[in-house]
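Chains as they are written, first to last, in the numbering used here: chain A, 112 to 778; chain S, 23 to 56; chain Z, 714 to 839. Cβ atoms here follow ideal geometry from the backbone N, Cα and C, with glycine treated the same way. Below is one structure, written out as structure tokens; comments come after it.
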Amino acid sequence: MPVTLLDNLIYVVILAFIGSGALLAGLVMAVFSALLSFWAGSTDNSVMIQVGRRAFYATAAMIFIASALLETALVTHDFSLAYVTEHTDLSTPIALVAAGFYGGQEGSLLYWALILGILGSASLLASARLGPRLAAYAAGIMASIASFFLVVLVLVASPFDVLAITPPDGLGLNPVLRDGGMLIHPPVVLAGFAAFAIPFSFAAAALLAGRFDAAWIAHTRRFALVAWGLQSTGLLLGMWWAYHVLGWGGYWGWDPVENVAFMPWLATTAYLHSSQVQERRGRLRAWNFGLVILAFLLVVFGTFIVRSGIVPSVHTFAVSAIGPWFLGFLGVCLVFSIGLLALRSGGLHNTGEPAPAVSREGAFALQNLLLIGVIAVVFWGTMLPLVSGLVGQERVVNASYYERASGPLFAAILALMAAGPLIPWRHAGAPFWRSLTWPAAASALVLAILLAAGVRGLPALIGVPLAAAVVSTVVYEYARGIGRWRRAGGGWPRAVALLARRRRRYGAYLAHLGLAVVVVGLAASHFWQQEKDVTLQAGQQVTVAGYTLIYSGAETRELADHSELVAAMTLGGQTLEPARATYAGLGGQSLTHVAISSSPVADVYVVLAGTNSDGSASFRIFVNPLVTWIWAGGAIIIVGVILGNTGRRRQVAEPVTASVPSAVGAS
Amino acid sequence: MTLIVATLLLFAAGPFVLWPLIKTPEDGVEVESR
Amino acid sequence: MIRWAIVMGVVAACVGYLVYSASGGASEYYVTVSELRSHQPASGDVRVAGVVQDDIQRSDGGLHVRFTEKDGTASVVVDYTGTLPDIFKPGITVVAEGRLGGDGVFHARAVLAKCPSRFSTTSYTS
């Protein structure tokens, strides 16, 4: 036996050393790539530019090796690694063990670096045709970002720290985290953030190289769209997980951690739209550079907030050692970005004729302002505790602040979404105003229905009709497109084929439709939620919002590591079993298992509060209308993004722009 | 140990990274590669 | 260009107004238990954070609970009706949102607990 123990020790120790060695090698390679790429780009040394790019690929390979080793260690239960011990145990299902890779501090940093390495390499593969200098600077910036993460991984938060004595079992996951949501929500959110480093790097590279044309936008459009899709999915998955697992009947609490994931999404949304103006007409350049930089800075800012614990949140984050590092990184990115913008401000002014206010370009510009307004609202609410705490008594905002401050802005954005696709790029004439009658009619119809149904809340009366207007515009555009192609002859097959040819546009419309569906779901489940607390004896029933639930009894079930108090209820023909699990091994911590009966109309959401000595059981029951619309809308958004992302790039039809004449020259 | 592994990995990656320098340029025209 | 500046100014003013008016009625003080008695404002809710003590009393099948929240040397009894977060048990930190009543009991409208940490630096010492 001692022999195999020694063998195991050697095997495991070797794995940890190879892993940390790979990280160190990756760091060296990343720094080398960054320095060489910047130098080679500035001196136009094309051989060295290639070497610098290859060094980035090698960095990505090192990160990949380290990742593979960490995953191997997790899946084979190598408890000699502190990370494996802290986040898994022998009883944890293997899927959650594998998910431990991104579940902890150190692993999630490595995951971030992995995504950056993979997507960054992909973006560099075809980048040479952008012009060697632009490609070189992009490689340099991405290598610099990778260097930061690798420095933190090597010096401060290594996933390969070895324990002095290998424990027989790990600490395991808290029961609240043992859920499918934990498998997919974190990696999607993190990937959405890391993916946006690519558009940022190319934008900053373009500024550095004095390139004010839209080449960098066209090249990174797919990555920006992927980032947006991942961020959208990540937000929806987080909401879904909170709704199904946390048992408070809602899905969004305006908690700082949620807010800092929301703000980059807003900036990315603005950028995706605004960048089209630059691709088409060479305008809004300053906006686009600004938005890309803002989105990335918000990502870094969010990462800092989440991991530093400086803002009170219901998410516990110990004031960890890496907080100051991320603050420093944020500072560096801020100074670098502002400096770049200031340096190159000369080249950012718009050329060409400004479009009239009522035009597609005007609509996109207004959208930028409104979305930045929302970011400002959310940012203020998130930072108020910190700011107020510094100058006096600490204050926090509650949820109604966010709703009251951002609600009107969101309403304006919805109106813009309904009118925007219809506005022509240049002069908006009579045909445009005529086409507005469709969304106006849809809004009026829905408004009338709501009023007739007795709805009186102003936010719902504004939000839902506007969402209907967005839907009607999408339908109108699809119908117009199909009708146009059919008139061109060839009937349905040709019409579909020609629609497919303009996938980028119709995919985007589909995403709009999905978003409108989400908005309706959010409005209904938020404003028209009904709630009831009730204590029932076995056999008694309760009616909430027209749904009748009969309580039949409760029983206690003993399982391997916990006992479950399960209440049986019937709703129509369905059985619901809300439960409370108690984990004796964790100091008696209890876990709610919410019972949800979903239908397209509403969710009946039952929480078991507990049982009483007289045999009765107490429940909190919610009826949440149209929650399924939120998830369905999200699925539609994903389809739209995928569809739109497979579309061919439009011809970059913009006026030839003069680069800033500088001592360095442009590529 | 970590340093040894790191050094080994860097040496292994060397040829790939430095390939554009190592390969013979063709008649002074530098081939633009990936 | 001037037109642009005007539009941006208008939007910024609207946003500023929205933020100002919305935070007026919707922000709360975030206090420690020791500050609670001295810092409670005349109206509006207050958030107070503290560690749950051992004397949890539940009734109504778990829908009603009374517990003591302590922070440093000061403690206050919290009275709350509703479902509690799963992680609620003695020793955890909670944030109660509500008002201190004339009876010296904090009547909470909401009780929030900190989620189990994904990013904690609890290190395993063997």
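Other residues of its chain near residue i: CB distance less than 8 Å, five sequence neighbours each side excluded
i, result
"A/V142", "A254, S258"
"Z/F819", "L749, V761, E782, V789, V790, V791, D792, A809, G811, R812, L813"
"A/F208", "For the sequence presented, residue 208 of chain A should be read as Val rather than Phe. Contacts found: L185, V186, H188, T199."
"Z/A796", "Note on residue identity: the sequence assigns Thr, not Ala, to residue 796 of chain Z. Hits under 8 Å: G775, L776."
Short CB-CB distance (under 9 Å) between residue i and chain Z
i, result
"A/I519", "Here the sequence assigns Pro to residue 519 of chain A, which means Ile is not the residue at that position. Yes - at least one Cβ of chain Z is within 9 Å of the one on A/P519."
"A/S385", "no"
"A/S701", "yes"
"A/P243", "no"
"A/L477", "yes"
"A/V718", "yes"
"A/D200", "no"
"A/R731", "yes"
Residue i at chain S interface by Cβ criterion, 9 Å
i, result
"A/F128", "yes"
"A/V194", "First, the residue type needs correcting, since residue 194 of chain A is Tyr and not Val in the sequence shown. For A/Y194, the answer is no, since every Cβ of chain S falls outside 9 Å of its Cβ."
"A/Q161", "yes"
"A/Y168", "yes"
"A/V267", "no"
"A/M253", "no"
"A/R165", "yes"
"A/L106", "Missing from the structure shown is residue 106 of chain A; chain A here goes from 112 to 778 and no further."
"A/S258", "no"
"A/L135", "yes"
"A/M173", "yes"
Span separating the alpha-carbon of residue i from that of residue j
i, j, result
"Z/A725", "A/I486", "12 Å"
"A/G592", "S/L30", "60 Å"
"A/Q216", "A/N461", "44 Å"
"A/W339", "A/A308", "12 Å"
"A/L230", "Z/A826", "37 Å"
"A/L572", "A/A127", "59 Å"
"A/L235", "A/A246", "7 Å"
"A/H637", "A/A250", "45 Å"
"A/P542", "A/Y617", "21 Å"
Pick from the options that is closest to residue i, judged by C-alpha positions
i, options, result
"A/L719", "A/Y382, A/G664, A/A378", "A/G664"
"A/G632", "A/L402, A/S470, A/Y362, A/I749", "A/Y362"
"A/P689", "A/Q161, A/W150, A/L357, A/Y168", "A/L357"
"A/T196", "A/T277, A/F260, A/A302", "A/T277"
"A/W536", "A/F190, A/T659, A/L497, A/E390", "A/E390"
"A/A179", "A/A133, A/A275, A/I748, A/S470", "A/A133"
"A/A329", "A/M350, A/H384, A/P279", "A/H384"
"A/A406", "A/A432, A/S157, A/N479, A/A453", "A/N479"
"Z/V759", "A/V507, A/A397, A/P736", "A/V507"
"A/T703", "A/P711, A/Y694, A/V645, A/G214", "A/Y694"
"A/V411", "A/Q648, A/G349, A/V489, A/L438", "A/L438"
"A/L547", "A/R567, A/A559, A/A526, A/L558", "A/A526"
"A/M374", "A/F271, A/R615, A/G492, A/S153", "A/G492"
"A/A516", "Z/M721, Z/V720, Z/A735", "Z/A735"
"A/G745", "A/V469, A/A622, A/A335", "A/A622"
"A/S724", "A/V734, A/L220, A/A649, A/V705", "A/A649"
Closer than 9 Å to chain A by CB, residue i
i, result
"Z/Y793", "no"
"Z/I800", "yes"
"Z/E810", "yes"
"Z/S756", "no"
"Z/A725", "yes"
"Z/A739", "yes"
Proximal residues to residue i (C-beta, below 7 Å), its chain only, five neighbours per side dropped
i, result
"A/E666", "V677"
"A/L147", "M159, V162, G163, A166"
"A/L341", "V299, A302, G303, A306"
"A/W436", "V263, V267"
Own chain residues within Cβ distance below 6 Å of residue i, not counting five before or after
i, result
"A/W75", "Only positions 112 to 778 of chain A appear in this structure, which leaves residue 75 of chain A out of reach."
"Z/R779", "Q770, D792"
"A/S419", "G434"
"A/Q700", "Y694"
Residue i Cβ short of 8 Å to the ligand PLP heavy atom set
i, result
"Z/G804", "Among the ligands in the structure shown, none appear at all, so the ligand PLP cannot be discussed."
For the stretch 457-531 of chain A, list the beta strand (DSSP E) runs that are entirely contained and at least 3 residues long, ordered along the chain. 506-508
With a floor of 4 residues, list each alpha helix (DSSP H) that falls wholly inside the stretch 563-645 of chain A, ordered by position along the chain. 569-598, 602-612, 614-638
Mind pulling the beta strand (DSSP E) runs of 3 or more residues that sit fully within the stretch 195-236 of chain A? none
What runs of the beta strand (DSSP E), each 3 residues or longer, lie entirely inside the stretch 659-696 of chain A? Whole beta strand (DSSP E) segments, 3+ residues: 674-682, 685-687, 690-694.
Hey, which unbroken runs of the beta strand (DSSP E) at 3 residues or more fall wholly within the stretch 301-349 of chain A? none
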